[in-house]
Structure formats: structure tokens, C-alpha cells
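Protein chains in written order, with my numbering: chain A, 306 to 317; chain B, 65 to 306.
Just so it is clear, CB atoms sit at the ideal spot from N, CA and C, and this is done for glycine as well.
Some notes on the structure that comes next.
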Amino acid sequence: QEKQTSLDAFFN
Amino acid sequence: MFKAVLSDSNILKTSFDAISSIVDEVQMQADEEGLRLDALDRSHITFVHLELKKGVFDEYQCDEPMKINVDTEELMKVLKRAKAEDMVELTVDEGNLILSFEGEARRKFKIRLIDIEYEAPSPPQLEYPTEFEVPFSLLKDSIQDIGIVSDKISLHVNEEKFEASAEGEFGDAKIEYLHGEKIEESARSIFSLEKVKEMLKADKFSESAVLRLGNDMPLNLALKMASDEGELSFLLAPRIES
């Protein structure tokens, strides 16, 4: 089962 | 003084069809180069970037940089009233964005400008292992196909093919497309079908889409106008196995 990530983790 | 005239009303209509389904409000930034917008949805899942350079417009004038903050739903309601053959003119006064549609008659709408406290976010710079082009209509068809079996979509690219697929409780679906591009690595990420659908509402912006995919990385989807003067692009956060 996957969960939705947010872009915050990729912003830095 | 800000004035922009556009003979192709579809550009704004199709862009804001997607933008308004992603974010409730936006800050457009106008300067002498053109109009741009960067916005992030409330849950920080989708980032959208629109750039319409001066050359996109039939007439463009902006003496000093300005911010035009609007409610996207209100703007979309007005843009929907533009006919394909109408000339669209954008101007601003003290507290409004003014849209005039010039066709058989001249129809004028004012949309109240709103306060936006935050600064428009800047897009993250990400390095991708793959970049390839696919027809926009193929993406649009793929989400319809996948929607039959699932609410998630797995996007996969390798040296030869681009694949959209999903495994559902009651069945599976897979779309394969030979991309014909030089790709040396393979990449796969999974996304919410609903979120991809929102981005693909912009179906009149460009005939093809440039995709960048990585492994468990955001999807970067860029639509570019043939003239290279306009771009609508999106970043969508992936679903990751927990």
C-alpha cells in the first residue's frame, strides 16, 4: 500500500 | 499601466481550467517580459507554473512589475464565457482585473483582486534520469483507460517504451507507447489518478507533453506552445510505498 507524499520533501 | 491582448482565448481558458482545479487563488506576476504564475496547492501535492511571454500576446504593455491576485474559480467562471473567436483583453484598475471579450459585441467583466499575504513559491529544481515526449491525447486517453480499474496510475519508462498501468481489485489496465527517444535508464513512479486528471484539463495548450520521470520522484509534466513563448508545467508528488 502506498501513501501520498507532499512536494515539501523535494523542495530543498 | 498593464494591458495584454490575446486573440487565442483558448490559451487562458485551458490553462485556468487546470489551474483552478488545483489552487483556489493565485498570484500572477506581470512585468515587461510577460505574465507568469507559480502556485502550490493547499496540500502541497501539485505545483503549477504558467509562463506567457510577451510574444504570446497580440499586444502587451506593462510599465512596472505588478502582482495580480485573483480567486481562480471566479476567473474561470468569466473565462468560460469567452468564445473561441473573441479577442481577450486584460487590464487592471485599482482593485480589479478587467477582462474584455471582443467579438460580435464587447463584453466586459471585472474580477475583484484579493489579498495574498504569502510570496509565490519558487519551483524546486530536481534532476531527472529521464525526459521524453508523448502526445497529449495519449495521456488523456490513458487516464480514461486506467480510471476503469484504479484510482492510481503507475508511470514507467525504459529504453523502448512508456507505460501507464494500474492493477485494480477487479482488473488491470496497461497502455504501452513506443517513445522513440534516447533513454538510457528506466524509471517508475506511482501517482494519484485524480491529481493527474486535474493537470490534464489543460488539453488545448499543446499537442504534446514533455514528461520527466524518476523513481519515486515527482512527475514533471510540461506543455509548451509551438512558439516557445508559452509554457504550462506541473510537478506532482508521487505516492510511495509505506
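Query	Result
Cβ neighbour criterion (16 or more within 10 Å) applied to B:R276	buried
Sub-8 angstroms separation of B:T78 and B:K268 beta-carbons	yes
Three-state secondary structure assigned by DSSP to B:N284	strand
Beta-carbon proximity of B:K288 to B:V274, cut-off 8 angstroms	yes
8 angstroms Cβ cutoff, B:I86 in contact with chain A	no
With 16 other Cβ atoms within 10 Å as the buried cut-off, status of B:D72	buried
Alpha carbon of B:K48 to alpha carbon of B:A237, nearest angstrom	Because chain B is modelled from 65 through 306, residue 48 of chain B falls outside the range shown and cannot be assessed.
Identified DSSP bridge partners for B:K117	B:G98
Closest by C-alpha distance to B:D215, when choosing among B:L203, B:A230, B:I239 and B:E224	B:A230
Distance CB(B:N279)-CB(B:R252) smaller than 8 angstroms	yes
Exposed unless 16 or more other CB atoms sit within 10 angstroms - verdict on B:I86	buried
Contact with chain A by B:I212, beta-carbon distance below 8 angstroms	no
Residue-chain proximity (B:I254, chain A), Cβ-Cβ < 8 angstroms	yes
Contact set for B:P129: own chain, Cβ-Cβ below 6 angstroms, skip 5 residues either direction	D95
Reduced DSSP secondary structure (H/G/I, E/B, other) of B:V213	coil
Beta carbon proximity, B:A301 to chain A, threshold 8 angstroms	yes
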